[in-house]
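Visitor: Encoded as structure tokens, here's the structure I'll be asking about.
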Amino acid sequence: MPFDGLPDDFKANHRSVWVDISPELQDVKRMHVLFNDYLDELEYAAVKGFDAIGVNEHHSNAYGLMSSPNMMGAALSRRIMDTQAQLLVMGDAVSLYNPPIRVAEELAMLDVMCGGRLITGFPVGSSQDANFAYGVKPASMRAKHREGFDLVLKAWKSKEVFSFNGRFTKLRYVNPWPKPLQNPHPPIWMPGSGSVETMDFAVEMDVPFFLLSYFGANFARGNFEKYWERVELAGRDRNPHRAGMVQLVMVADTDAEAKKLYEKHVQYFYQRCTHIYPGFTEAPGYKTVRSLKDVLPAKGSAVKSRPDSFAAAQKYSWEELIEQGIVIGGSPDTVRESLEAAAKESSIGNWILLMHIGSMPRELAMHNIDMFTEKVMPSLSPIFAESPHNWWPKPVEGFESTQVDPVARSVRR
Amino acid sequence: MKSQTLNCEQSGISFEVSHEQIGKQSTVVWIHGEFGSFEDPPFSKEVQALANIVVVHLPGWGKSTSSSDIDRLDQLATAMWWAVEEICGDTPVFLTGHGLGATIAVEMAIQQPRLTLGLLLAAPFGFFDESDPGVDIFALMPKDLMKHLYENPNSDLAQTQFPSSDDGYERGLIAIRRVEVLGSASRYLFPIPDTNIGDRAYRLSKVPMSVLFGKSDGVVPSGLSAQWAKSFPHAEIQIIPEAGHMLPYETTATDRALEKLLAVKSGS
Chain F
15 MPFDGLPDDF
25 KANHRSVWVD
35 ISPELQDVKR
45 MHVLFNDYLD
55 ELEYAAVKGF
65 DAIGVNEHHS
75 NAYGLMSSPN
85 MMGAALSRRI
95 MDTQAQLLVM
105 GDAVSLYNPP
115 IRVAEELAML
125 DVMCGGRLIT
135 GFPVGSSQDA
145 NFAYGVKPAS
155 MRAKHREGFD
165 LVLKAWKSKE
175 VFSFNGRFTK
185 LRYVNPWPKP
195 LQNPHPPIWM
205 PGSGSVETMD
215 FAVEMDVPFF
225 LLSYFGANFA
235 RGNFEKYWER
245 VELAGRDRNP
255 HRAGMVQLVM
265 VADTDAEAKK
275 LYEKHVQYFY
285 QRCTHIYPGF
295 TEAPGYKTVR
305 SLKDVLPAKG
315 SAVKSRPDSF
325 AAAQKYSWEE
335 LIEQGIVIGG
345 SPDTVRESLE
355 AAAKESSIGN
365 WILLMHIGSM
375 PRELAMHNID
385 MFTEKVMPSL
395 SPIFAESPHN
405 WWPKPVEGFE
415 STQVDPVARS
425 VRR
Chain W
-4 MKSQTLNCEQ
6 SGISFEVSHE
16 QIGKQSTVVW
26 IHGEFGSFED
36 PPFSKEVQAL
46 ANIVVVHLPG
56 WGKSTSSSDI
66 DRLDQLATAM
76 WWAVEEICGD
86 TPVFLTGHGL
96 GATIAVEMAI
106 QQPRLTLGLL
116 LAAPFGFFDE
126 SDPGVDIFAL
136 MPKDLMKHLY
146 ENPNSDLAQT
156 QFPSSDDGYE
166 RGLIAIRRVE
176 VLGSASRYLF
186 PIPDTNIGDR
196 AYRLSKVPMS
206 VLFGKSDGVV
216 PSGLSAQWAK
226 SFPHAEIQII
236 PEAGHMLPYE
246 TTATDRALEK
256 LLAVKSGS
């Protein structure tokens, strides 16, 4: 959910889009429009047939204005009641909340409000958000995440009031009211940026791993190879729905039209929205030495910057972004073929599609949603249909949703 | 100096300790700073000849290791005393340190003031001034940090702080080393290096103290000397000109201060 008012000279005159971006660049009047546009777009995607609509969490950041995913989720929860869409909250990094029981409470409220359609994501949190914006110690972040996660899960599942004596959180009485509608709790997805610890955590908890990357499935191949190896080692099945990925998708009538429509907005994203001071990318201690050694180049190799880095992407042309699979954009056939190929290549059973990118105006985002839902989605092959999706909301036994005014269908197109 | 490994099985810490044969009248414990590239004591040979110098390498910085989740200064100070007592028994010692090492030295002294003959602190963390916060060592990239660490960031000394390499693998190891040491330091100094030391200052009213600041220190601003002076009115506080955060290695000020501390205690 980017802010679209970063100036042309942003990169030259500002250190970072995240953490210490100048408050003077804020245009809160414009943000009023943007927040409503983004909510409209999400509602519209639900109406048009997306399986789920999702929100995320960032802090002190001009490319992600949602500092509270649960507030956005609350705004959406009643507006999707007359659609088939589920509500994905890919935020709530538990280590950021004190006490983390607040996360259990708010997500349970959301699940109750939206009638048991909630899917939860439990990110460890980026270093920019968790360490620099929220002051969580990098070295203890994973332990804090694990403890908070355990607390949330126990709070949802427990039939009794209990005491929780953690290293970071001590609560004499744990008793969230309400608990989630889905019993014992909503599906959990585990997002990560590629560290082996997060993959291992997902495997251990038997939940899907979602790679949050802005560089596409081609560059993610190695990550998914590593992930599937770990799944296999743990004796779990290779169900493609255990894997998910974020992907920028832009659809137009033709490949040439896609460039014409979307190029400048994508360039805005990679040249301004991802201009991040390198020191904010990973606070020392955020990743373990083990994870860092895992990606060391071979002895004697030349020093070179990674092609799947924000620094490199700033210089890519539209054609290079497409060629490398960073952006899946073009005609409906091009997009469908690229998505299916990527899904097959790495057994990716879930896609979080970013339909609004950079400085894209509302109308263009709506067009992108139209094009995808009308011309790509219907012809996507059901390549993983034989694999059960074990991490998707299931109908709640004995539950019937209350009547909510069908407001979503009144979204302005 | 000979090195010795001390394993504290109950705490999961393996301490690497370097020292000469303990035979002189006074013992000085040196605790290095947050940057692992400078772990040896900064004292000259002449000054080292005046006392037994014991270096206890911080657990988590590479030479000493830890499997424990020690993330509070008081826990670390307790562990450090265990190592010091293994070497020195219950003989009182001088505690000296740089940066985070100085911060730990104060915490140790607060725990056992009667085993502390004196404190020499170079660029200690402990207080914080919102109007002059100093730079964030956990965010700044090495090239941007240098000018805040050194009076002369182009000096030969400064060039050894963050070595470079044309080999991708070697450069990766250097980057990992930085993460290892600063990641360990972040347990105690992140996000704000305020340890509320002033609240416990009363424990040290009888312990001789020398506190040094580098005038050009961009990490621990010398303006914090006023807060130290207020909480520790008996301490000798100096702002060293032409020195930055790495002042023990940039100047001989720590030599002079240690000589003075040793002389005061011995009554000469």
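Note that the protein sequences, when read in sequence, are chains F and W.
In this text, residue positions in the first sequence follow my numbering: the first is 15, and each later residue adds one.
In this text, residue positions in the second sequence follow my numbering: the first is -4, and each later residue adds one.
Note that CB positions come from ideal geometry on N, CA and C, so glycine has one too.
Since this is a predicted model, take the numbers as computed values, not measurements.
#1: For the beta strand (DSSP E) that contains N364 of chain F, what are its first and last residues?
#2: In chain F, which residues lie less than 7 Å from G167 of chain W when you measure between Cβ atoms?
#3: Which residues in the same chain as G206 of chain F place their Cβ atom closer than 6 Å to its Cβ, once the five residues preceding and following it in sequence are excluded?
#4: Assuming I383 of chain F contacts A59 of chain F under a Cβ cut-off of 8 Å, what Cβ separation, rounded to an integer in Å, is found between them?
#5: Is P36 of chain F near I290 of chain F, with beta carbons less than 9 Å apart?
#6: Just the C-alpha distance for T183 of chain F and N47 of chain W, rounded to the nearest angstrom, thanks.
#7: Cβ closer than 9 Å: which chain W residues qualify as neighbours of P292 of chain F?
#8: Do S109 of chain F and M155 of chain F have their C-beta atoms closer together than 9 Å?
#9: So is S160 of chain W in contact with chain F if we call contact Cβ pairs under 9 Å?
#10: Can you tell me which residues form a DSSP beta bridge with D162 of chain W?
#11: For a test of the three-state rule: what should DSSP assign to W25 of chain W, helix, strand or coil?
#12: Could you compute how far the alpha carbon of R244 of chain F sits from the alpha carbon of P114 of chain F?
#13: According to DSSP, is H93 of chain W helix, strand or coil?
#14: On the DSSP bridge assignment, give the partners of V260 of chain F in chain order.
#15: With 7 Å as the C-beta to C-beta threshold (strictly closer), list the residues of the stretch 87 to 106 of chain W near chain F in chain order.
#16: According to the neighbour-count rule (16 or more other Cβ atoms, all chains shown, within 10 Å of its Cβ), is L144 of chain W buried or exposed?
#17: Contact between the stretch 355 to 372 of chain F and the stretch 388 to 401 of chain F: three or more CB pairs below 8 Å?
#18: Name the chain W residues whose beta carbon is nearer than 8 Å to that of S315 of chain F?
#19: Give the C-beta separation of D189 of chain W and F133 of chain W to the nearest angstrom, bearing in mind that I take them to be a contact with Cβ-Cβ under 8 Å.
#20: Quick one: any contact between the stretch 223 to 230 of chain W and the stretch 190 to 210 of chain W, if contact means 3 or more CB pairs under 8 Å?
#21: Can we say the stretch 100 to 110 of chain W touches the stretch 167 to 181 of chain W, given the rule of at least three CB pairs closer than 8 Å?
#22: Over the uninterrupted beta strand (DSSP E) stretch that includes G135 of chain F, give me the two end residues.
#23: Measure the alpha-carbon distance for K305 of chain F versus E175 of chain W and round it to whole angstroms.
#24: What's the gap between the Cα of S205 of chain W and the Cα of R173 of chain W?
#25: How would you write the range of the alpha helix (DSSP H) that S240 of chain F sits in, first residue to last?
#26: My parser needs the beta strand (DSSP E) runs of 3 or more residues fully inside the stretch 190 to 250 of chain W; what are they?
#27: Report yes if the CB atom of L90 of chain W is closer than 9 Å to the CB atom of L68 of chain W, and no otherwise.
#28: According to DSSP, simplified to helix, strand and coil, what is T60 of chain W?
#29: For L247 of chain F and A169 of chain F, what's the separation of their Cα atoms in angstroms?
#30: Output yes or no for whether 9 Å exceeds the beta carbon distance between Y183 of chain W and D85 of chain W.
#31: Taking its Cβ as the centre, do 16 or more other Cβ atoms sit within 10 Å of R44 of chain F, making it buried, or is it exposed?
#32: Ends of the beta strand (DSSP E) at F178 of chain F?
#33: Between which two residues does the alpha helix (DSSP H) containing Y282 of chain F stretch?
#34: So if I threshold CB-CB distances at 8 Å, which residues from the stretch 119 to 140 of chain F count as touching chain W?
#35: Skipping 5 residues on each side, what residues in its chain have a beta carbon closer than 6 Å to that of S345 of chain F?
#36: In terms of alpha-carbon separation, which member of W:P37, W:Q16, W:V12 and W:A44 lies closest to L53 of chain W?
Guide: With the structure as the only source:
#1: Under the DSSP assignment, N364 of chain F falls in the beta strand (DSSP E) whose first and last residues are N364 to L368.
#2: Simply L310 and P311.
#3: If you ignore the 5 residues before and after G206 of chain F, its C-beta comes within less than 6 Å of the C-beta of T212, all in its own chain and listed in chain order.
#4: 5 Å
#5: It is Ser, not Pro, that sits at residue 36 of chain F in the sequence shown. Cβ atoms of S36 of chain F and I290 of chain F: not closer than 9 Å.
#6: 44 Å
#7: M136
#8: yes
#9: yes
#10: F:A316
#11: strand
#12: A direct Cα-Cα distance of roughly 29 Å separates R244 of chain F from P114 of chain F.
#13: strand
#14: F:I366
#15: none
#16: buried
#17: yes
#18: D162, G163 and Y164
#19: With 8 Å as the limit, D189 of chain W and F133 of chain W do not qualify as a contact, their Cβ atoms being about 15 Å apart.
#20: yes
#21: Note that the stretch 100 to 110 of chain W does not touch the stretch 167 to 181 of chain W; fewer than 3 beta-carbon pairs, one per stretch, sit closer than 8 Å.
#22: L132 to G135
#23: For clarity, residue 305 of chain F is Ser in the given sequence; the question names Lys instead. Their backbone Cα atoms lie some 12 Å apart in a straight line.
#24: 29 Å
#25: First, the residue type needs correcting, since residue 240 of chain F is Lys and not Ser in the sequence shown. Element bounds for K240 of chain F: G230 to L247.
#26: 204 to 209 and 231 to 235
#27: no
#28: strand
#29: Rounded to the nearest angstrom, the two C-alpha atoms are 30 Å apart.
#30: no
#31: exposed
#32: F176 to N179
#33: D269 to Y282
#34: none
#35: T268 and D269
#36: W:V12
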